[in-house]
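**Q** Let me give you the structure first, and then I'll get to my questions.
Number of protein chains: 2
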Amino acid sequence: MKILVVGAGAMGASFAHKLSKDNMVDVVDTWKENVDKINREGLKIKEIDKELNNTKIRAYMMEDYNEKVDLVILFVKSMMLDKSLKTLQHVFSDNTKVLCLLNGLGHIKTIQKYVKKENIVMGISLVTAGLNGPADVTLSSYGYNEISGVYAKQVADVLNASGMPTNCVSDVQESIWEKACLNGMYNSICTILDTRMSDLDNAYLLEQIQKGIIEEFHKIALKEGVDFNKEKTFEKVRICTTKDFKGSKHYPSMHQDLRQHKRKTEIDFLNGYISKKGKEYGIPTPYCDLITFEIKVLEGKVVR
Amino acid sequence: MKILVVGAGAMGASFAHKLSKDNMVDVVDTWKENVDKINREGLKIKEIDKELNNTKIRAYMMEDYNEKVDLVILFVKSMMLDKSLKTLQHVFSDNTKVLCLLNGLGHIKTIQKYVKKENIVMGISLVTAGLNGPADVTLSSYGYNEISGVYAKQVADVLNASGMPTNCVSDVQESIWEKACLNGMYNSICTILDTRMSDLDNAYLLEQIQKGIIEEFHKIALKEGVDFNKEKTFEKVRICTTKDFKGSKHYPSMHQDLRQHKRKTEIDFLNGYISKKGKEYGIPTPYCDLITFEIKVLEGKVVR
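Chains as they are written, first to last, in our numbering: chain A, 1 to 304; chain B, 1 to 304.
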């Protein structure tokens with residue numbers, strides 16, 4: 001199968017590596033140093049117990065890619081999604097499947113502008129990976145993926161064969177919203193307060209804030225035809241600040257973007273999405289409004 | 001007149017200095033270095049056009065003061081008010097008047113635990129001053145005070161005679177709440193985001209957040225018998241981020257406490273008061289809840 005991975009950051013490069021065992025895999029990126037180094041020296045990849053150099057992957061600058069492919073896997077930053085699809089629209093044939101595992105809300109509408117609905121496979125990924133520098137990634141956990149769509153089974157077979165555990169579910173939207181609640185709580189608030197998740201443990205009003213944010217996401221989800229389980233989601237959110245959760249000492253990805261790399265965040269696809277849709281539907285979303293306001297002030301201050 | 005100023009920080013020391021021209025003024029404080037230096041070397045005071053050394057003021061550690069006085073002026077931090085009044089309760093005779101110009105809400109109830117209601121004069125002060133170190137203050141503006149109460153006229157006469165412009169108003173509660181809205185917006189948010197007021201100018205959703213916070217304060221004010229003018233207050237709040245407002249480049253006092261001096265803040269007497277009262281009255285106050293949560297997480301992180 002011929003696969004194009006869009007975005008050769010931590011996640012994109014890790015998926016490209018695993019898939020390249022049995023498939024022809026190309027990656028496109030906008031970071032020239034990354035593209036050149038993958039082509040020149042191969043992709044350096046560190047897995048749990050081994051480190052190797054993958055020289056099977058070809059890399060291109062996004063605007064230079066002109067081939068038709070069977071499967072496109074999207075791993076750009078949310079705010080780059082629309083622009084990337086526009087640049088790459090000639091890559092899609094009638095049979096090209098598109099897999100989106102990005103965090104955040106509203107991506108399916110963006111993808112539908114360029115790809116027919118039945119070819120889109122949506123999902124979530126619990127794989128974790130880190131970027132050490134150009135053409136240098138660490139795949140720190142295999143986690144698993146959960147996907148749905150007309151061609152989900154076909155895509156899952158490819159991923160499973162490559163060693164990326166992937167389950168097909170009848171509707172992944174609930175999982176997407178649940179994960180958005182998690183990110184809309186911790187990604188945003190840990191970025192605003194420059195804290196780890198564990199720093200929030202036992203904080204005054206924590207449970208109220210967690211439930212309030214989930215409630216706002218749920219009201220918008222209902223309007224968009226998704227009814228995720230609030231109690232189950234709260235339990236997943238609640239556990240994250242406790243020492244039972246081994247990731248609680250980490251800084252979430254939005255913190256890395258804004259605080260460490262002075263980059264814009266994905267707020268518009270998390271709390272900002274809820275805030276914007278709340279205004280469209282006439283639903284008050286004060287928590288998400290204030291969080292979005294705060295993140296945008298911080299972006300204005302630190303993004304170069 | 002014999003006057004005791006409680007708290008010899010920037011404001012307390014400035015008031016003590018001005019009042020000491022025509023009155024016997026003592027100050028009490030909990031900071032030994034400050035007390036000792038005032039007694040040993042006098043209070044160094046810088047006014048707009050002059051710098052002098054006031055040796056007329058006697059200073060005491062709070063627990064050592066045992067005299068009866070005619071007027072007590074409270075200039076401790078809000079969170080120290082109850083404890084200070086308890087320590088000093090033997091200072092009040094039946095005729096002792098108590099003046100409170102502190103920022104924040106709920107102080108009158110605390111004072112009433114120790115002083116009969118008719119002897120209490122409440123107000124706001126627009127005087128600004130800074131503390132340079134022990135026994136060393138800068139009185140940067142004379143501003144004015146606004147007070148009300150049975151003995152407001154008598155207290156205003158003393159303040160005016162000392163060169164501190166003071167107006168008597170029939171009810172100062174509206175001004176106290178208006179000022180609390182200003183502080184509940186900028187003190188808290190500039191502390192959370194580590195920004196100046198001017199950094200918020202033109203921020204996404206700014207006007208909605210400003211109006212939302214004022215609305216929450218107003219709902220609690222109504223429950224407590226105060227109906228301040230929301231539109232007038234919004235206009236005062238709105239102007240604060242603009243370059244027309246010469247203070248917009250400053251960091252508010254809560255920022256100084258938490259970010260600069262790693263001290264606890266007055267949040268419980270601003271947004272935290274609204275949040276707590278909202279729960280008592282069954283009124284949702286999501287903005288104040290989230291702001292209080294955020295400030296308390298930051299306090300937990302930085303207060304030594």
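For glycine and all other residues, C-beta sits at the position ideal for the given N, C-alpha and C.
(1) How about the stretch 256-263 of chain A and the stretch 143-157 of chain A: do they share at least three Cβ pairs that are nearer than 8 Å?
(2) For B:Lys-232, which option in B:Thr-242, B:Lys-44, B:Ala-10 and B:His-218 has the closest C-alpha, if you only look at C-alpha atoms?
(3) Kindly indicate which three-state DSSP category A:Asn-39 falls into: helix, strand or coil?
(4) Secondary structure at B:Asp-26, three-state DSSP: helix, strand or coil?
(5) Name the one or two DSSP bridge partners that A:Phe-281 has.
(6) Between B:Phe-217 and chain A, is there a C-beta pair that is closer than 8 Å?
(7) Sorted by chain position, which residues of the same chain lie with C-beta nearer than 8 Å to A:Ser-78's C-beta, five sequence neighbours on each side aside?
(8) Residue range of the alpha helix (DSSP H) that A:Gly-300 falls in?
(9) Who are the Cβ neighbours of A:Gly-247 in its own chain at under 8 Å, not counting the five residues just before and after it?
(10) For A:Asn-54, report the span of its beta strand (DSSP E) as first-last.
(11) Helix, strand or coil, according to DSSP, for B:Arg-58 in the structure here?
(12) Helix, strand or coil, according to DSSP, for A:Lys-2 in the structure here?
(13) Which whole-angstrom value describes the C-beta separation of B:Ser-148 and B:Met-122, a residue pair presumed to lie in contact below a C-beta threshold of 8 Å?
(14) I believe B:Lys-264 touches B:Val-303 by the beta-carbon criterion, under 8 Å. Please report the beta-carbon distance rounded to the nearest angstrom.
(15) What are the residues that DSSP puts in a beta bridge with A:Ile-45?
(16) Among B:Val-5, B:Ile-213 and B:Asp-22, whose alpha-carbon lies nearest the alpha-carbon of B:Phe-15?
(17) Kindly list the residues whose CB is nearer than 7 Å to the CB of B:Val-226, restricted to its own chain and excluding five residues on each side of it in sequence; keep chain order.
(18) Below 7 Å on C-beta distance, what does B:Gly-42 contact in chain A?
(19) Nearest-angstrom Cα distance between A:Lys-46 and A:Asn-53?
(20) Using a Cβ cut-off of 7 Å, pull out every chain B residue sitting near A:Pro-286, in sequence order please.
(21) Note down, one range per segment and in chain order, each alpha helix (DSSP H) of at least 4 residues found wholly within the stretch 74-101 of chain B.
(22) Less than 8 Å separating the beta-carbons of B:Tyr-142 and B:Gly-212?
(23) Along the stretch 197-208 of chain A, where does the CB come closer than 8 Å to a CB of chain B? Name the residues.
(24) Please state whether DSSP places A:Ser-175 in a helix, a strand or coil.
(25) Residues in the same chain with beta-carbon distance under 6 Å from B:Lys-68, minus the five sequence neighbours each way, listed in chain order, please.
(26) So A:Gly-12 and A:Val-27 are in contact, right, with Cβ under 8 Å, and what is the actual spacing, rounded?
(27) What do you get for A:Gly-133, buried or exposed, if any count of 16 or more other CB atoms within 10 angstroms of its CB means buried?
(28) Anything in chain B within Cβ reach of A:Phe-92, meaning under 8 Å, just list it in chain order.
(29) Quick one: Cα of B:Cys-168 to Cα of B:Val-150, how far?
(30) Can you tell me where the alpha helix (DSSP H) with A:Met-11 in it begins and where it stops?
(31) Look up A:Glu-67 in the DSSP assignment and say whether it is helix, strand or coil.
(32) Taking the alpha-carbon positions, what's the A:Lys-116 to B:Tyr-251 distance?
(33) Under the three-state reduction of DSSP, which class applies to A:Ser-248: helix, strand or coil?
(34) Going along the chain, which residues of the stretch 220-233 of chain B sit with their C-beta nearer than 8 Å to a C-beta in chain A?
(35) Quick one: Cα of A:Val-76 to Cα of A:Gly-7, how far?
(36) By how many angstroms is the C-alpha of B:Ile-214 removed from the C-alpha of B:Cys-181?
**A** The answer reads as follows:
(1) Counting C-beta pairs with one atom in each stretch, the stretch 256-263 of chain A and the stretch 143-157 of chain A have fewer than three that are closer than 8 Å, which means they do not touch.
(2) Counted from its first residue, the second sequence places residue 232 of chain B at position 232. Closest in alpha carbon position to B:Lys-232, among B:Thr-242, B:Lys-44, B:Ala-10 and B:His-218, is B:His-218.
(3) On the first sequence, position 39 is the one that residue 39 of chain A refers to. Correct three-state label for A:Asn-39: helix.
(4) Translated into positions along the second sequence, residue 26 of chain B becomes position 26. In the three-state reduction of the DSSP assignment, B:Asp-26 falls in the strand class, which pools E and B.
(5) Stepping through the first sequence from its first residue, residue 281 of chain A is reached at position 281. The sequence given here places Tyr at residue 281 of chain A; Phe does not occur at that position. When DSSP reads this structure, A:Tyr-281 sits in no beta bridge, so it has no partner.
(6) Start at 1 with the first residue of the second sequence, and residue 217 of chain B comes out as number 217. For B:Phe-217, the answer is no, since every Cβ of chain A falls outside 8 Å of its Cβ.
(7) If you number the first sequence from 1, residue 78 of chain A lands on position 78. Leu-102, Asn-103, Gly-104, His-107, Glu-266, Asp-268 and Phe-269, listed in sequence order.
(8) The residue you call residue 300 of chain A lines up with position 300 of the first sequence. A:Gly-300 -> alpha helix (DSSP H) spans 286-302.
(9) Translated into the one-based positions of the first sequence, residue 247 of chain A becomes position 247. Contacts found: Met-197 and Cys-240.
(10) Numbered from 1 along the first sequence, position 54 holds the residue referred to as residue 54 of chain A. Counting along the chain, the beta strand (DSSP E) containing A:Asn-54 begins and ends at 51-54.
(11) Along the second sequence, read from residue 1 onward, the residue named residue 58 of chain B stands at position 58. If DSSP states are grouped into helix, strand and coil, B:Arg-58 belongs with the strands.
(12) Position 2 of the first sequence, counted from the first residue, corresponds to residue 2 of chain A. Reduced to three states, the DSSP call for A:Lys-2 is strand.
(13) The count along the second sequence starts at 1 and reaches residue 148 of chain B at position 148. The count along the second sequence starts at 1 and reaches residue 122 of chain B at position 122. Right, the Cβ-Cβ distance comes to about 6 Å (below 8 Å), so this counts as a contact.
(14) As a working mapping, residue 264 of chain B is identified with position 264 in the second sequence. As a working mapping, residue 303 of chain B is identified with position 303 in the second sequence. With a Cβ gap of about 5 Å, B:Lys-264 and B:Val-303 count as contacting.
(15) In the first sequence, counting from the first residue as 1, residue 45 of chain A sits at position 45. Answer is A:Leu-52 and A:Val-137.
(16) For the purposes of this step, residue 15 of chain B is taken as residue 15 along the second sequence, with counting starting at 1. Considering only alpha carbons, the answer is B:Val-5.
(17) Looking up residue 226 of chain B in the second sequence gives position 226. If we look at B:Val-226 and ignore the five residues flanking it on each side, its Cβ neighbours are Gln-173, Glu-174 and Trp-177.
(18) Numbered from 1 along the second sequence, position 42 holds the residue referred to as residue 42 of chain B. Near B:Gly-42 there are no residues of chain A at all, since even the closest Cβ is about 43 Å away, more than 7 Å.
(19) In the first sequence, the residue the question calls residue 46 of chain A occupies position 46. In the first sequence, the residue the question calls residue 53 of chain A occupies position 53. Answer to the nearest angstrom: the Cα atoms are 9 Å apart.
(20) In the first sequence, the residue the question calls residue 286 of chain A occupies position 286. Here the neighbours are Gly-212, Pro-286 and Tyr-287.
(21) With a minimum length of 4 residues, the continuous alpha helix (DSSP H) runs that stay inside the stretch 74-101 of chain B are 81-87.
(22) The sequence position of residue 142 of chain B within the second sequence is 142, counting from 1. The sequence position of residue 212 of chain B within the second sequence is 212, counting from 1. For B:Tyr-142 and B:Gly-212, no; Cβs fall outside 8 Å.
(23) Using a CB distance below 8 Å, the part of the stretch 197-208 of chain A facing chain B consists of Asp-199, Leu-200, Ala-203, Tyr-204, Leu-205, Leu-206 and Gln-208, ordered along the chain.
(24) On the first sequence, position 175 is the one that residue 175 of chain A refers to. Assignment of A:Ser-175 by DSSP, reduced to helix, strand and coil, places it in the helix class.
(25) Within the second sequence, the letter at position 68 stands for residue 68 of chain B. For B:Lys-68, where only same-chain residues beyond five positions count, the Cβ hits under 6 Å are Ser-93.
(26) Looking up residue 12 of chain A in the first sequence gives position 12. Looking up residue 27 of chain A in the first sequence gives position 27. Right, their Cβ atoms sit about 6 Å apart.
(27) Here the question's residue 133 of chain A lines up with position 133 in the first sequence. That one is exposed.
(28) Working through the first sequence from its first residue, we reach residue 92 of chain A at position 92. Correct list: empty, because the minimum Cβ distance to chain B is about 34 Å.
(29) In the second sequence, counting from the first residue as 1, residue 168 of chain B sits at position 168. In the second sequence, counting from the first residue as 1, residue 150 of chain B sits at position 150. One C-alpha to the other measures close to 10 Å.
(30) Within the first sequence, residue 11 of chain A is the residue found at index 11, counting from 1. Note, A:Met-11: alpha helix (DSSP H), 10-19.
(31) Residue mapping note: residue 67 of chain A aligns to position 67 of the first sequence, counting from 1. Judged by DSSP in its simplified three-state form, A:Glu-67 adopts coil rather than helix or strand.
(32) On the first sequence, position 116 is the one that residue 116 of chain A refers to. On the second sequence, position 251 is the one that residue 251 of chain B refers to. When the Cα atoms are used, A:Lys-116 and B:Tyr-251 turn out to be separated by approximately 52 Å.
(33) The residue you call residue 248 of chain A lines up with position 248 of the first sequence. Here A:Ser-248 sits in helix by DSSP.
(34) Residues of the stretch 220-233 of chain B that bring their beta carbon within less than 8 Å of a beta carbon in chain A are absent altogether.
(35) As a working mapping, residue 76 of chain A is identified with position 76 in the first sequence. As a working mapping, residue 7 of chain A is identified with position 7 in the first sequence. Distance between the alpha carbons of A:Val-76 and A:Gly-7 is about 5 Å.
(36) Against the second sequence, residue 181 of chain B aligns to sequence position 181. Against the second sequence, residue 214 of chain B aligns to sequence position 214. Going by the C-alpha atoms only, they are around 6 Å apart.
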